[in-house]
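A.B. asks:
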Amino acid sequence: MAILGSADSERTGGRGRPGAKWLCAVLLLLPLFSSGCRTRSAAESPVRGVRVGDVLEVGDPARRASVRLVVQGLEADQAGQLRRARGSYERALQVDPTNPYAYLALARYNLDGGTPGDASDLVDQAAALFEAEGLRSPEVDVQLIGLRGWDLQSRGRPGEASLYLERAAGLDRVVWEDGYLSAEELR
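Counting from 3, one number per residue, gives the positions in the sequence shown under our numbering.
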C-alpha cells in the first residue's frame with residue numbers, strides 16, 4: 003500500500019497490512035468505543051436483577067420457609083425495623099443454611115448499615131451457593147456484581163468499586179443506576 007508511511011510500515015511489520023498486535027489492540031478497544039455511542043434507557047436494561055419474592059414457591063419445604071423468612075426480613079428492613087430484619091435473615095439461615103438468597107439479603111443488610119466488613123464474605127457465600135445449585139444467571143450475577151461494587155465502595159476503594167457498579171448499572175439501570183440495592187428492590 004503506497005498510502006502507508008514509514009510509521010505505518012513499522013506498525014504493520016512492513017507487509018502492507020496491520021500486524022497482529024495492532025489488530026488485537028483495535029479489536030479489544032472497539033467495544034469500548036461503540037458502547038459509549040449509545041446509552042440504554044431504564045426500560046432497555048438487558049437484565050432485571052433477581053428478586054427474592056420471585057422464588058417463594060421454589061424448592062423443598064425448608065427452602066420455601068427460608069425464602070419466606072428472607073422476604074419478611076426485607077419487609078422489616080424496608081420499614082426500618084432493623085433488628086427484626088436481621089433476626090429474620092438469621093432464622094432463614096437456620097432453617098436452610100444453603101439458601102443463597104438469605105446470604106444475598108444479609109450482605110445487602112450489612113452494606114446498608116449493619117457491618118459492611120462482613121458483606122464480602124456473604125456475597126462470596128451467596129455466589130458459591132448459587133453456583134453449586136445451578137442457579138447462576140444474569141439476574142443473579144447483576145446483584146452479585148453490584149453488591150461487590152457497593153462493598154468495595156464501603157471499604158474506601160472507589161476505583162475498583164466503580165468498575166463493578168458501572169457494570170451492574172449497565173445491566174440493570176432500574177436498580178443499580180444509583181449504586182444502591184434497597185430492601186424493596188431485592189424483595
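Ideal placement from N, C-alpha and C gives every residue a C-beta, glycine not left out.
On a predicted model such as this, the values are computed, not experimentally measured, just so you know.
Taking only the alpha-carbon atoms, compute the straight-line gap between L31 and E141 and give it to the nearest angstrom.
C.D. replies: As a working mapping, residue 31 is identified with position 29 in the sequence shown. As a working mapping, residue 141 is identified with position 139 in the sequence shown. The pLDDT assigned to L31 is 37, lower than 50, so where the model puts this residue is not dependable; a value taken from the coordinates is nonetheless given after this. Looking at the two C-alpha atoms, the distance is approximately 27 Å.
A.B. asks: Between A2 and the rest of its own chain, which residues show a CB-CB distance below 7 Å, the 5 nearest in sequence each way excluded?
C.D. replies: Coverage of the chain is limited to positions 3 through 189, which leaves residue 2 absent and any answer about it impossible.
A.B. asks: Measuring alpha carbon to alpha carbon, tell me which of S122, A128, R159 ends up nearest V52.
C.D. replies: Taking the first residue of the sequence shown as 1, we reach residue 52 at position 50. Of the candidates S122, A128, R159, the one whose C-alpha sits nearest the C-alpha of V52 is A128.
A.B. asks: Check each candidate in T100, G158, G61, A121 and name the one with the smallest Cα separation from I147.
C.D. replies: By one-based count along the sequence shown, residue 147 stands at place 145. Nearest option by C-alpha distance: A121.
A.B. asks: For the candidate residues T117, R70, P160, A171, whose alpha-carbon lies nearest to that of N101?
C.D. replies: Taking the sequence shown and counting its residues from 1, the one referred to as residue 101 is at position 99. Considering only alpha carbons, the answer is R70.
A.B. asks: Closest to R138 by C-alpha separation, out of L154, L106, R189, G172, would be which residue?
C.D. replies: Stepping through the sequence shown from its first residue, residue 138 is reached at position 136. Nearest to R138 by C-alpha distance, out of L154, L106, R189, G172, is L106.
A.B. asks: Relative to the C-alpha of L167, which residue among R175, G151, P160 is closest?
C.D. replies: Here residue 167 corresponds to residue number 165 of the sequence shown, with the count starting at 1. Checking every option, the nearest Cα to that of L167 belongs to G151.
A.B. asks: Confirm, please, whether the CB-CB distance from R93 to Y111 is below 8 Å.
C.D. replies: Looking up residue 111 in the sequence shown gives position 109. Looking up residue 93 in the sequence shown gives position 91. Cβ atoms of Y111 and R93: not closer than 8 Å.
A.B. asks: Spatial neighbours of G55 within its chain, please: CB distance less than 7 Å, with the 5 preceding and 5 following residues excluded, ordered by chain position.
C.D. replies: Walking along the sequence shown from the start, residue 55 turns up at place 53. Closer than 7 Å at the Cβ level, and outside the excluded window around G55, lie V73, R189.
A.B. asks: Are there 16 or more other CB atoms within 10 angstroms of the CB of V125, so buried, or fewer, so exposed?
C.D. replies: Here residue 125 corresponds to residue number 123 of the sequence shown, with the count starting at 1. V125 should be labelled buried.
A.B. asks: Decide if V177 is buried, meaning its Cβ has at least 16 other Cβ atoms within 10 Å, or exposed.
C.D. replies: The count along the sequence shown starts at 1 and reaches residue 177 at position 175. Buried: at least 16 other Cβ atoms inside 10 Å.
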